[in-house]
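Working notes for the structure below.
Numbering (my numbering), first residue to last: 4 to 251.
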């Protein structure tokens, strides 16, 4: 069974109140998150998790905020001698627009997403403006989407687990690496969510749910489950990964 390496590539950013990540905490604190595409190196297929933004803002102030460079999709892939056409497989944590805007460029890829994400992107709730079906219409018409109904082994050493914390069809991607089992979370959080500061732990909270969630109580429990399953936690928007070539 192959052991994979996980390479974070920043393909966008968002600037907002920190409580968008950390439910009921960090209110009023300006915060910038990176939006990642994750290149999973190993085996005989070119695999990425999520595809990032189509036209990211590439500014000095945003790069300083996250501590790393912001790339276009093509620039980011070229770091690893890849092109959009060379991608064999895309695994989606979910289908909010900032995670799938470059799907249409991956013309040769199988694209895995949970069936509930497909339902939502075509019929979003008014509260969930982040679903924009325009970004997946091409790959749907091409028959590239492979729907996931639950937990599933994608390839030996790569498994997705249904974790509906941030969205109904969120998938956490578990990957076997030399350092152990890594989890790219299927919900939008940072390291503070898994490792709260002392004042939060003093409230007997082991984790902080994501600021945007389906059900906050269930999201809390899902986070604890993922934390217990992984040797290496990779929160989906943690800024510290913007400055490293390889997480593990």
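For each residue, glycine too, the CB sits at the ideal point set by N, CA and C.
Pick from 43, 143, 81: whose alpha carbon is nearest that of residue 185? On the chain shown, residue 185 is found 182 positions in, with the first residue counted as 1. Closest by alpha carbon: 43.
Sufficient close CB pairs (3 or more, under 8 Å) joining the region 73 to 84 to the region 5 to 14: Judged by Cβ distances under 8 Å, the region 73 to 84 makes contact with the region 5 to 14, as three or more pairs qualify.
Three or more C-beta pairs under 8 Å: does that hold for the region 126 to 139 against the region 92 to 101? Inter-segment contact for the region 126 to 139 and the region 92 to 101 is present: three or more beta-carbon pairs are separated by less than 8 Å.
Rounded to the nearest angstrom, what separates residue 138 and residue 32 at their Cα positions? Looking up residue 138 in the chain shown gives position 135. Looking up residue 32 in the chain shown gives position 29. About 31 Å.
In or out: residue 89 buried (at least 16 other Cβ within 10 Å) or exposed? As a position in the chain shown, residue 89 is number 86, starting the count at 1. Exposed, by the Cβ-count rule.
Is DSSP giving residue 219 helix, strand or coil here? Indexing the chain shown from 1 puts residue 219 at position 216. Taken through DSSP and simplified to helix, strand or coil, residue 219 comes out as helix.
Could you compute how far the alpha carbon of residue 242 sits from the alpha carbon of residue 193? As a working mapping, residue 242 is identified with position 239 in the chain shown. As a working mapping, residue 193 is identified with position 190 in the chain shown. C-alpha separation (whole angstroms): 7 Å.
Between residue 147 and residue 113, how many whole angstroms is the CB-CB distance? I'm expecting something under 8 Å. For this step, residue 147 is matched to residue 144 along the chain shown. For this step, residue 113 is matched to residue 110 along the chain shown. The Cβ separation is near 6 Å, so the contact holds.
Note down, one range per segment and in chain order, each beta strand (DSSP E) of at least 3 residues found wholly within the region 191 to 238. Counting whole runs of 3 or more residues, the region 191 to 238 contains the beta strand (DSSP E) stretches 235 to 237.
Test: residue 196 CB closer than 8 Å to a CB of chain C: No chain C is present in this structure, which holds just one protein chain.
What number of angstroms, rounded off, separates the C-alpha of residue 142 from the C-alpha of residue 54? Taking the first residue of the chain shown as position 1, residue 142 is located at position 139. Taking the first residue of the chain shown as position 1, residue 54 is located at position 51. Roughly 13 Å between the two C-alpha positions.
Buried or exposed: residue 236, going by 16 or more other Cβ atoms within 10 Å of its Cβ? If you number the chain shown from 1, residue 236 lands on position 233. By the neighbour-count definition (other C-beta atoms within 10 Å, threshold 16), residue 236 is a buried residue.
Smallest Cα separation from residue 116: which of 34, 74, 166? Here residue 116 refers to the residue found at position 113 when the chain shown is read from its first residue. It is 166 whose Cα lies nearest to the Cα of residue 116.
Could you check the C-alpha separation between residue 250 and residue 190 for me, to the nearest Å? Locating residue 250 in the chain shown gives position 247, where the first residue counts as 1. Locating residue 190 in the chain shown gives position 187, where the first residue counts as 1. Taking the straight line joining both Cα atoms gives about 18 Å.
Simplified DSSP state of residue 67, which is helix, strand or coil: On the chain shown, residue 67 is found 64 positions in, with the first residue counted as 1. Looking at residue 67 - three-state DSSP - the assignment turns out to be helix.
Check whether the Cβ atoms of residue 34 and residue 47 sit closer than 8 Å, and answer yes or no. As a first step, residue 34 is located in the chain shown; it is residue number 31 there, counting from the start. As a first step, residue 47 is located in the chain shown; it is residue number 44 there, counting from the start. Pairing residue 34 with residue 47 gives a Cβ-Cβ distance that is not under 8 Å.
Would residue 110 be called buried (16 or more neighbouring beta carbons within 10 Å of its own) or exposed? In the chain shown, the residue the question calls residue 110 occupies position 107. Only exposed fits residue 110, as fewer than 16 other CB atoms lie within 10 angstroms of its CB.
Excluding five sequence neighbours on each side, which residues of the same chain lie with their C-beta closer than 6 Å to the C-beta of residue 36? Translated into the one-based positions of the chain shown, residue 36 becomes position 33. Only 17, 240 meet the Cβ criterion.
Do residue 94 and residue 163 count as a contact pair if the criterion is CB distance below 8 Å? Locating residue 163 in the chain shown gives position 160, counting from the first residue. Locating residue 94 in the chain shown gives position 91, counting from the first residue. Against a cut-off of 8 Å, the Cβ pair of residue 94 and residue 163 comes out as a contact.
Check whether residue 70 and residue 38 have beta carbons under 8 Å apart: To locate residue 70, count along the chain shown from 1; it is residue 67. To locate residue 38, count along the chain shown from 1; it is residue 35. The Cβ atoms of residue 70 and residue 38 lie no closer than 8 Å to each other.
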